[in-house]
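Inspection log for the structure reproduced underneath, given as structure tokens.
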Ligand SMILES: [Zn+2]
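Numbering (my numbering), first residue to last: 647 to 1122.
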């Protein structure tokens, strides 16, 4: 059975399959602009993309995941100048922060993470091709614009009638688009190359049209061409990128290469609301992972919350939702503890398996896996998981083993981790083992051994909190 996913362009649910003769499934996702910390709205998109990648990999596809870093644009240049740093120093700091957040949230690192600055020669080459083919023109100041009227099928992703298209002033989420205020022939044209301005400081590069820097849209076209070729399997991003960014990417790429079918499938995730309101700087609700950790939540709880709604519906993020995620994870842990004991396993055996190692059957979690493959239905998948977890029947050791393996596998698909420490850091294996041995000793009423193992844990900087039906390990 293949993974089926809604495609924004065809508006149909379609199977994601390898093209004949291809070994990898090429997936390009628009990455962060590194001028500040990414907020939970950005991470909803990246977490959903991560679940898709894990699902495809478990389904047997070898995915090549490319996600770029936007490290040159108006915001990064302004930020670097305000911070008194070079653009490279400034963007590296925020790139490092982004990577740390991704790691905490359990996002698998992309196979290629191209930087826009590193790919300026490729962007210049693509713009040159567009000028040569009559799809772009050079303005008096040396800026270069894409001539939208030269691309008859412009608008096909968003089903926009080009004759009615006047402007690129708003994006597909209805927000103001940072329109390029340069000399355009038509309001619908967009900048490919921006001529050097005094406010750019030292951030300019040479081109056949004079010094300047690339426009924003062209970077994804140039980097996807460099790393996935003229056509590839899937392109992802938040819904706000659908217009004009992705529409412009299609036009630039197809006009520059002359090859139609830039991305075979378009995958957009809906908006995140916060406590029923739109996210905005002025409302102060652009939460970051660090802010939520400071409030006592873990990255794992945030991830659970961000993926818990269907990716095509807007998700209302609330603190009550984070609390529910905490309870849900605790419930999964209690159930797993009970089954581990029946199976004769310890928590040390319950590690989320790497995809290659997953050979086990899904057992009672087969319906959870099936529904996940149907348009990445995470809420449906969680519903199926809790149907199994809610069953109170006694199970045989064999059944318990199968259940524990099935749960580990489905949680790996979702990227949800059990038995993590309070600060979101995965427990060291030695600590997990000490905890499991102490719990076993206590269950066997060998209190001397249990005390000795507790002292070993304390010496290693950990404490064990016993509950009736399990325990938690916390750093001291
Ligand atoms: Zn992009």
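Glycine included, every Cβ here is placed at the ideal spot set by N, Cα and C.
- The segment 1007 to 1025 and the segment 928 to 938 do not touch, with fewer than three beta-carbon pairs separated by less than 8 Å.
- Three or more beta-carbon pairs drawn from the segment 1078 to 1090 and the segment 980 to 995 are found closer than 8 Å, and the two stretches are therefore classed as touching.
- Bridge partners of residue 673 according to DSSP: 711 and 880.
- DSSP links residue 962 through a beta bridge to 919.
- Remark: the C-beta of residue 888 is outside contact range of ligand 1, defined as less than 7 Å to any heavy atom.
- Within 10 angstroms of the beta-carbon of residue 710 lie 16 or more other beta-carbons, which makes it buried.
- Taken through DSSP and simplified to helix, strand or coil, residue 1085 comes out as helix.
- The C-beta separation of residue 1108 from residue 1120 comes to about 7 Å, placing the pair in contact by the 8 Å criterion.
- If you draw a 10 Å sphere on the C-beta of residue 742, you find fewer than 16 other C-beta atoms in it, and that means exposed.
- Inclusion of residue 891 in the 7 Å shell around ligand 1 follows from its C-beta lying nearer than that to a non-hydrogen atom of the ligand.
- Looking from the CA of residue 1044, the closest CA among 1016, 1028, 1077 and 985 belongs to 985.
- Minimum Cα-Cα distance from residue 855 among the listed residues 923, 774 and 798 corresponds to 774.
- Close to ligand 1, as judged by a C-beta nearer than 5 Å to any of its heavy atoms, are the residues 676 and 866, in chain order.
- Going by DSSP, residue 950 is part of the alpha helix (DSSP H) stretching over 945 to 953.
- Residue 760 carries a coil assignment under DSSP once its states are collapsed to helix, strand and coil.
- Taking the CA atoms as reference points, residue 1041 sits about 18 Å from residue 996.
- The Cβ atoms of residue 723 and residue 677 lie no closer than 8 Å to each other.
- In this structure residue 973 is exposed. Its beta-carbon is surrounded by fewer than 16 other beta-carbon atoms within 10 angstroms.
- Taking the CA atoms as reference points, residue 658 sits about 15 Å from residue 909.
- It is roughly 13 Å from the alpha-carbon of residue 875 to the alpha-carbon of residue 881.
- Ranked by Cα distance from residue 945, the options 924, 1064 and 878 are led by 1064.
- A check of alpha carbon separations from residue 788 across 817, 1113 and 841 identifies 841 as the nearest.
- If you compare the alpha carbons of 857, 838 and 834 with that of residue 844, the shortest gap goes to 857.
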